[in-house]
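Peer 1:
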């Protein structure tokens, strides 16, 4: 067997290997692939014989990846994902390509998604696949081309392009405000505070911005701003929310500002692109479109 042939294993064997590695079971992999367990075992043995390395450690009850298998599994998973994406592009007749984009839950749905029809109209040959991610991740492992990220422009091995800065302010429901004596920022510290799990120090920073010490009592915690806004409208407490994400609730009078000055957050929203995706045409088109849109919004 030539060296080139040896380095290109059978795709069926790779699919069997990836399934066993992911599921941790020959039986489960066989069920998923609609094969017999013996067929899956033969595919794995084919790979092990081809490379001369053991990919799994087996005993009477369990199967687990060997050290070499763990390294190979990451590469195989990424390669199979790229093949699936390429096939989807061919089947969809999308000649300009696919953009795999990670978005933040509330920012993605409330700020970005209403504008996406404009991008689709201007770029009919680009297909966007959306996934939700909070915090940093491995672009290569996740097979993603770009991300909308909240934080600082310090993502390793990636370019961070500023999209919009964030101003937060305390808000309550009108009923909650009417039923309580809330005249100053200090009064807020005596009320139930709604906290964001992704912004654990936000209330402390806001009280310091008002020249006050932050209260130390417990409060409800939420993972997404949308849920926190709903809880606030239900009268469960005071929420510190980004104004650009609750414009609809403020315009409809479902939420109203509580006493105190708004505060610009230290972090902001960025489009993050890994260095190896800088020249990817769908990424470049999306970045140019976003920056044009942001510039027009600032101009108005």
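Numbering (the numbering used here), first residue to last: 11 to 310. Heads up, the beta-carbon is just placed ideally off N, CA and C, and yes, glycines get one too.
1. Taking the C-alpha atoms as reference points, what is the distance between residue 210 and residue 195?
2. Looking only at its own chain, which residues have a Cβ that is under 7 Å from the Cβ of residue 213, when we skip the five neighbours before and after it?
3. Are there 16 or more other CB atoms within 10 angstroms of the CB of residue 283, so buried, or fewer, so exposed?
4. Please say whether residue 163 and residue 280 have beta carbons closer to each other than 7 Å?
5. When the Cα of residue 134 is compared with those of 108, 114 and 122, which residue comes out closest?
6. Take every Cβ of the segment 263-275, pair it with every Cβ of the segment 217-233, and state whether three or more of those distances are shorter than 8 Å.
7. Any heavy atom of the ligand GDP closer than 6 Å to the CB of residue 184?
8. Can you say whether residue 320 is buried or exposed, counting buried as having 16 or more other CB atoms within 10 angstroms of its CB?
9. Helix, strand or coil: which one does DSSP assign to residue 211?
10. Counting only the same chain and skipping the five closest in sequence on each side, list residues whose C-beta sits under 6 Å from that of residue 139.
11. Can you check whether the CB of residue 61 is closer than 7 Å to the CB of residue 79?
12. For a test of the three-state rule: what should DSSP assign to residue 169, helix, strand or coil?
13. Are the beta-carbon atoms of residue 43 and residue 29 separated by less than 7 Å?
14. Considering residue 66, what are the terminal residues of the beta strand (DSSP E) in which it resides?
15. Do residue 117 and residue 299 have their beta-carbon atoms positioned less than 7 Å apart in this structure?
16. Please name the residue in 235, 53 and 141 whose C-alpha comes closest to that of residue 253.
17. Using the C-alpha atoms, what's the distance from residue 307 back to residue 200?
18. For residue 255, which of helix, strand or coil comes out of DSSP?
19. For residue 277, which three-state DSSP category applies?
20. Distance check for residue 274 and residue 345, CA to CA, integer angstroms please.
21. From the DSSP output, read off the bridge partner residues of residue 137.
22. Determine, using beta carbons only, whether residue 178 and residue 248 come nearer to each other than 7 Å.
23. Determine the contact status of residue 120 and residue 255, defining contact as a CB-CB distance below 7 Å.
24. Under 7 Å, do residue 38 and residue 47 count as touching if we go by C-beta distance?
25. Whole alpha helix (DSSP H) runs in the segment 185-237 with 4 or more residues, listed along the chain?
26. Assign residue 124 to one of two classes, buried (16 or more other C-beta atoms within 10 Å of its C-beta) or exposed (fewer than that).
27. Give a yes or no on whether 7 Å exceeds the smallest Cβ distance from residue 267 to chain D.
Peer 2: Taking the definition as stated:
1. Locating residue 210 in the chain shown gives position 200, counting from the first residue. Locating residue 195 in the chain shown gives position 185, counting from the first residue. So the two alpha carbons sit approximately 19 Å from each other.
2. Indexing the chain shown from 1 puts residue 213 at position 203. These residues qualify, in order along the chain: 203, 205, 224 and 250.
3. Within the chain shown, residue 283 is the residue found at index 273, counting from 1. Under a 10 Å Cβ-count criterion, residue 283 is classified as buried, with 16 or more other Cβ atoms of the shown protein chains found around its own Cβ.
4. Reading the chain shown from its first residue, position 270 is the one you call residue 280. Reading the chain shown from its first residue, position 153 is the one you call residue 163. Yes, the Cβ-Cβ distance between residue 280 and residue 163 is below 7 Å.
5. Position 124 of the chain shown, counting from 1, holds the residue named residue 134. Closest option to residue 134, Cα to Cα, is 108.
6. yes
7. The model on display carries no ligand, and the ligand GDP is accordingly not part of it.
8. In this structure the chain extends from 11 to 310, so residue 320 is not present and cannot be described.
9. Looking up residue 211 in the chain shown gives position 201. Reduced to three states, the DSSP call for residue 211 is coil.
10. As a working note, residue 139 is residue 129 in the chain shown. Same-chain partners within the cutoff: 110.
11. Taking the chain shown and counting its residues from 1, one reaches residue 79 at position 69. Taking the chain shown and counting its residues from 1, one reaches residue 61 at position 51. No; because the gap between Cβ atoms is not below 7 Å, this pair is not in contact.
12. Taking the chain shown and counting its residues from 1, one reaches residue 169 at position 159. In the structure shown, residue 169 sits in a strand (DSSP, three-state: E or B).
13. Taking the chain shown and counting its residues from 1, the one referred to as residue 43 is at position 33. Taking the chain shown and counting its residues from 1, the one referred to as residue 29 is at position 19. Result yes, Cβ atoms of residue 43 and residue 29 sit closer than 7 Å.
14. Taking the first residue of the chain shown as position 1, residue 66 is located at position 56. 66-68 is the extent of the beta strand (DSSP E) around residue 66.
15. The sequence position of residue 299 within the chain shown is 289, counting from 1. The sequence position of residue 117 within the chain shown is 107, counting from 1. In terms of Cβ geometry, residue 299 and residue 117 do not form a close pair [threshold 7 Å].
16. The residue given as residue 253 occupies position 243 in the chain shown. Among 235, 53 and 141, the Cα nearest to that of residue 253 is on 235.
17. Looking up residue 200 in the chain shown gives position 190. Looking up residue 307 in the chain shown gives position 297. Here the alpha carbon of residue 200 sits roughly 38 Å from the alpha carbon of residue 307.
18. The residue you call residue 255 lines up with position 245 of the chain shown. Looking at residue 255 - three-state DSSP - the assignment turns out to be helix.
19. Along the chain shown, one-based indexing puts residue 277 at 267. Reduced to three states, the DSSP call for residue 277 is strand.
20. Lying before the first or after the last residue shown, residue 345 is absent from the chain, which here runs from 11 to 310.
21. Residue 137 sits at position 127 when you count from the first residue of the chain shown. In DSSP, residue 137 forms a bridge with 108.
22. Translated into positions along the chain shown, residue 178 becomes position 168. Translated into positions along the chain shown, residue 248 becomes position 238. No.
23. Along the chain shown, read from residue 1 onward, the residue named residue 120 stands at position 110. Along the chain shown, read from residue 1 onward, the residue named residue 255 stands at position 245. Going by C-beta atoms, residue 120 is nearer than 7 Å to residue 255.
24. Counting from 1 along the chain shown, the entry for residue 38 is found at position 28. Counting from 1 along the chain shown, the entry for residue 47 is found at position 37. No. Outside cutoff.
25. 195-198 and 212-219
26. Locating residue 124 in the chain shown gives position 114, counting from the first residue. Counting Cβ neighbours within 10 Å, residue 124 comes out exposed, since fewer than 16 surround it.
27. No chain D is present in this structure, which holds just one protein chain.
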